[in-house]
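First comes the structure, then the notes that go with it.
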Amino acid sequence: MAYWLMKSEPSVYSIEDLERAGTDAWDGVRNYQARNYLRAMRRGDRAFFYHSNCPEPAVTGIMEIVREAYPDPTALDPASPYHDPRSTPDRPRWSAVDVRFVERLPHPVPLAAIKADPALAELPLVRRGNRLSVMPVTAAQWRRILELAGA
DNA sequence: GCCAACGTTGGC
DNA sequence: GCCAACGTTGGC
Numbered sequence: 003m004a005y006w007l008m009k010s011e012p013s014v015y016s017i018e019d020l021e022r023a024g025t026d027a028w029d030g031v032r033n034y035q036a037r038n039y040l041r042a043m044r045r046g047d048r049a050f051f052y053h054s055n056c057p058e059p060a061v062t063g064i065m066e067i068v069r070e071a072y073p074d075p076t077a078l079d080p081a082s083p084y085h086d087p088r089s090t091p092d093r094p095r096w097s098a099v100d101v102r103f104v105e106r107l108p109h110p111v112p113l114a115a116i117k118a119d120p121a122l123a124e125l126p127l128v129r130r131g132n133r134l135s136v137m138p139v140t141a142a143q144w145r146r147i148l149e150l151a152g153a
């Protein structure tokens with residue numbers, strides 16, 4: 003089983019939204035490296051839900067991958083803001099996965115705490131201009147973030 | 001709202 | 001294939 007971290011702006015889609023939905027599609031990813039990570043996900047993998055672009059960016063919860071990569075329907079839908087005319091049913095360019103809400107962290111782990119922790123220095127979130135919206139997390143990093151969350 | 005760091009686009 | 005211009009991300 004692998005571990006991941008996925009970003010979402012809470013004003014667009016928050017951990018609370020996922021909790022209400024139970025299971026939902028993780029779609030709208032329009033970056034090739036992030037897409038390739040989506041395609042590498044397997045059923046049963048776990049992912050952190052990260053709130054970005056908000057007053058306190060933080061890891062806020064945990065989800066489980068329940069459906070492996072399939073063509074992102076929003077890319078094929080002309081009415082969607084994520085529509086990409088270069089993506090066709092024959093040759094879908096973008097992928098989505100389905101995720102299931104697992105839990106909210108007892109204490110969300112703020113970006114500042116992640117940056118301050120030497121054990122998390124290699125996490126892509128705090129490297130390389132941190133633009134990637136889907137990224138792998140090692141087992142050690144996963145455990146460390148859970149520790150910081152008081153879990 | 002600002003701006004740095006990226007990724008993408010498109011002219012050549 | 002280069003690279004400047006442009007758009008986006010996302011912290012602050």
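Position one of the first sequence corresponds to residue 3 (this note's numbering), numbered consecutively onward. Ideal placement from N, C-alpha and C gives every residue a C-beta, glycine not left out.
Check	Outcome
Where do the N-terminal and C-terminal ends of the alpha helix (DSSP H) with Asp92 fall, by residue?	Note, Asp92: premise wrong, no alpha helix (DSSP H); not H, not E.
Between Gly24 and Asp100, what straight-line distance do the alpha-carbon atoms span, to the nearest angstrom?	10 angstroms
Could you spell out where the beta strand (DSSP E) holding Arg48 opens and where it closes?	48-53
Can you tell me where the alpha helix (DSSP H) with Tyr39 in it begins and where it stops?	34-42
Does the stretch 80-93 touch the stretch 131-148, meaning 3 or more C-beta pairs lie closer than 8 angstroms?	no
Cα-Cα, which of Arg37, Glu11, Phe50 is closest to Glu66?	Phe50
Tell me which same chain residues have a C-beta within less than 8 angstroms of the C-beta of Ala151, skipping the five on either side of it?	Val61, Leu107, Pro108, His109, Pro110, Val111
Please give the ranges of any beta strand (DSSP E) in the stretch 74-140, keeping only runs that are unbroken, at least 3 residues long and fully inside the region.	97-112, 136-139
How would you call Val14, buried or exposed, if buried means at least 16 neighbouring beta carbons within 10 angstroms?	exposed
Given that a residue counts as buried once 16 or more other Cβ atoms are within 10 Å of its Cβ, and exposed if not, what is Gly63?	buried
Hey, Tyr39 and Val139 are a contact pair by Cβ (cut 8 angstroms); roughly how many whole angstroms apart?	That belief does not hold up - the Cβ atoms of Tyr39 and Val139 are roughly 11 angstroms apart, past 8 angstroms.
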